[in-house]
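Visitor: I am attaching a structure below and will ask some questions about it afterwards.
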Amino acid sequence: MIIGVPKEIKPSENRVGVKPAGVLEFTKRGHEVYVQSQAGWGSGFFDEDYIESGAKILPTIEDVYSKAEMIVKVKEPIEPEYDLITEGQLVFTYFHFASSEPLTHAMIKSGAVCLAYETVELADGSLPLLVPMSEVAGRMSIQAGAHYLEKPRGGKGILLGGVPGVQPAKVMILGGGVVGTHAAKMAAGMGADVTILDVNLNRLRQLEDIMPPNVRTLHSNALTIRELLPSFDLIIGAVLIHGAKAPKLITRDMLKDMQRGTVLVDVAVDQGGCIETCTPTTHDNPTFVIDDVLHYCVANMPGAVPYTSTSALTNATLPYALQLANKGWKQACIDNEALKLGLNVVNGKVVYKGVSEAFDLPYTEVDDIL
Ligand SMILES: NC(=O)c1ccc[n+]([C@@H]2O[C@H](COP(=O)([O-])OP(=O)(O)OC[C@H]3O[C@@H](n4cnc5c(N)ncnc54)[C@H](O)[C@@H]3O)[C@@H](O)[C@H]2O)c1
2 MIIGVPKEIK PSENRVGVKP AGVLEFTKRG HEVYVQSQAG WGSGFFDEDY
52 IESGAKILPT IEDVYSKAEM IVKVKEPIEP EYDLITEGQL VFTYFHFASS
102 EPLTHAMIKS GAVCLAYETV ELADGSLPLL VPMSEVAGRM SIQAGAHYLE
152 KPRGGKGILL GGVPGVQPAK VMILGGGVVG THAAKMAAGM GADVTILDVN
202 LNRLRQLEDI MPPNVRTLHS NALTIRELLP SFDLIIGAVL IHGAKAPKLI
252 TRDMLKDMQR GTVLVDVAVD QGGCIETCTP TTHDNPTFVI DDVLHYCVAN
302 MPGAVPYTST SALTNATLPY ALQLANKGWK QACIDNEALK LGLNVVNGKV
352 VYKGVSEAFD LPYTEVDDIL
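So for the sequence shown, our numbering puts the first residue at 2; every next one is plus one.
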């Protein structure tokens, strides 16, 4: 198969869909890989690295799209890319269709086969191509929180781990899933006093078993959160209810009970946020202050650490991309149920229920097109 790896053109996006190590996996199986010049630059991979792994470098994004049978990238296509995608072309990337009607219509019109990372789903309901980014965001949330707790950044002026004879910072983590677990590990490793709240008791039992002694678990409910909030220095929002907007666990009126310089990091902001006052921010302007409480609500946190994020993402996507290249998308999806669930829009038809419901579009059963 001919595989194309374009350079991401979404602002501030430095990740790339395939690393040189991934190119080698394709080329040794007889596939051809075309990489746009400087596509990997933002993640620390240079054209020479790709050439060494057997890729051919093309100068423009148009060249890559016109040559490839399968495009492997990171972010959803944005407007300038819409017309580059051709009928029957396989596009394997994050799409997040339900949040963009123009993208959905453009992909229907293109006639392409759109296989979305975010809906590839294993039998246990887990989302293997979303997990790596949650791991990155969870760990980053503590890094960001520690930074903004410093006085010159607007925080309370407290060191996360404290020092001998001085108490460490108190960190509350709302949601003990992938983001919450990785946040807890980081915060605990830095010596903070950590509390994880979740509604899932089994999850809390598992966390209690695996976490160090400076992490405790609590059942999440409105009263507990309201009572505890004023004594915490850093609060991480990491809840998710699959397929729904995040519940607002911290409401506007609770801010006045918090101490000046408390830091809120709402990682769940991409699903609407679990803190009422959080609205999405960017890496260029990540924070704002309401009622003396500092809010950090960057919707694409992993974008700031492309060296790590590209590797984490491609470690997870490559095995699926190889199946698609080796068997063709139809056979690969017939053989692999998880991959089949990634199909969203195929040859002008919407085959993912959530997308058809989001925009009231006709729905075609995925098995009817296989
Ligand atoms: N901002 C970013 O850059 C970024 C990056 C990655 C993920 N995310 C987002 O982070 C959020 C968390 O993702 P995840 O992978 O950890 O999800 P997950 O499904 O692994 O974990 C979510 C947890 O929230 C818990 N939960 C649900 N309702 C709750 C409540 N009322 N109180 C406490 N806990 C509750 C669930 O039981 C679950 O354990 C998602 O919204 C995800 O999209 C954001």
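All residues carry an ideal CB built from backbone N, CA and C; glycine is no exception. No experiment lies behind these values; they were computed from the predicted model shown.
Any chance you could list the alpha helix (DSSP H) runs of at least 4 consecutive residues sitting entirely within the stretch 219–298, in chain order?
Guide: Counting whole runs of 4 or more residues, the stretch 219–298 contains the alpha helix (DSSP H) stretches 223–229.
Visitor: Can you list, in chain order, the residues of its chain whose CB lies under 7 angstroms from that of Ser135, leaving out five sequence neighbours each side?
Guide: The residues are Val179 and Val180.
Visitor: Does the Cβ of Asn348 lie closer than 7 angstroms to at least one heavy atom of ligand 1?
Guide: No.
Visitor: Are the stretch 358–369 and the stretch 93–108 touching, with three or more C-beta to C-beta distances below 8 angstroms?
Guide: The stretch 358–369 is in contact with the stretch 93–108.
Visitor: Ala40 by DSSP, collapsed to three states: which one?
Guide: Ala40 falls in the coil class under three-state DSSP.
Visitor: Give the single residue among Ala56, Pro12, Lys11 and Ser13 whose Cα lies nearest to the Cα of Val19.
Guide: It is Ala56.
Visitor: Jot down the residue ranges of each uninterrupted beta strand (DSSP E) in the stretch 15–82, minimum 3 residues, whole runs only, in chain order.
Guide: Runs found: 33–37, 57–59 and 71–73.
Visitor: In whole angstroms, give me the CA-to-CA distance for Pro78 and Gly5.
Guide: One C-alpha to the other measures close to 14 angstroms.
Visitor: Just to confirm the assignment, what range does the alpha helix (DSSP H) spanning Gly355 have?
Guide: Gly355 -> alpha helix (DSSP H) spans Lys354 to Phe360.
Visitor: Buried or exposed: which applies to Arg30, given that a residue is buried once 16 or more other Cβ atoms fall within 10 Å of its Cβ?
Guide: Exposed, by the Cβ-count rule.
Visitor: Could you spell out the range, first to last residue, of the alpha helix (DSSP H) harbouring Leu319?
Guide: Looking at the DSSP string, the run of the alpha helix (DSSP H) that includes Leu319 is Pro307 to Lys328.
Visitor: Can you name the residues that DSSP bridges to Phe93?
Guide: Beta-bridge pairing links Phe93 to Val73 and Leu116.
Visitor: Within 10 angstroms of its Cβ, does Ile236 collect 16 or more other Cβ (buried), or is it exposed?
Guide: With 16 or more Cβ atoms within 10 Å of its Cβ, Ile236 is classed as buried.
Visitor: Is there at least one non-hydrogen atom of ligand 1 closer than 7 angstroms to the beta-carbon of Gly126?
Guide: Not under cutoff, so the answer is no.
Visitor: Just list the residues that DSSP pairs Lys110 with in beta bridges.
Guide: DSSP lists no partner for Lys110.
Visitor: Kindly indicate which three-state DSSP category Leu104 falls into: helix, strand or coil?
Guide: The answer is helix: DSSP assigns Leu104 an H, G or I state.
Visitor: When DSSP labels each residue in this structure, what does Val180 get in the three-state scheme?
Guide: Val180: helix per DSSP, three-state reduction.
Visitor: To the nearest angstrom, report how far apart Val200 and Asn15 are at their CA atoms.
Guide: Roughly 36 angstroms separates the two Cα atoms.
Visitor: Have a look at His106 and Pro60 and give me their C-alpha separation to the nearest angstrom.
Guide: Approximately 29 angstroms, taken between the alpha carbons.
Visitor: Just to confirm the assignment, what range does the alpha helix (DSSP H) spanning Met173 have?
Guide: Here Met173 belongs to no alpha helix (DSSP H); instead the beta strand (DSSP E) covers Lys171 to Leu175.
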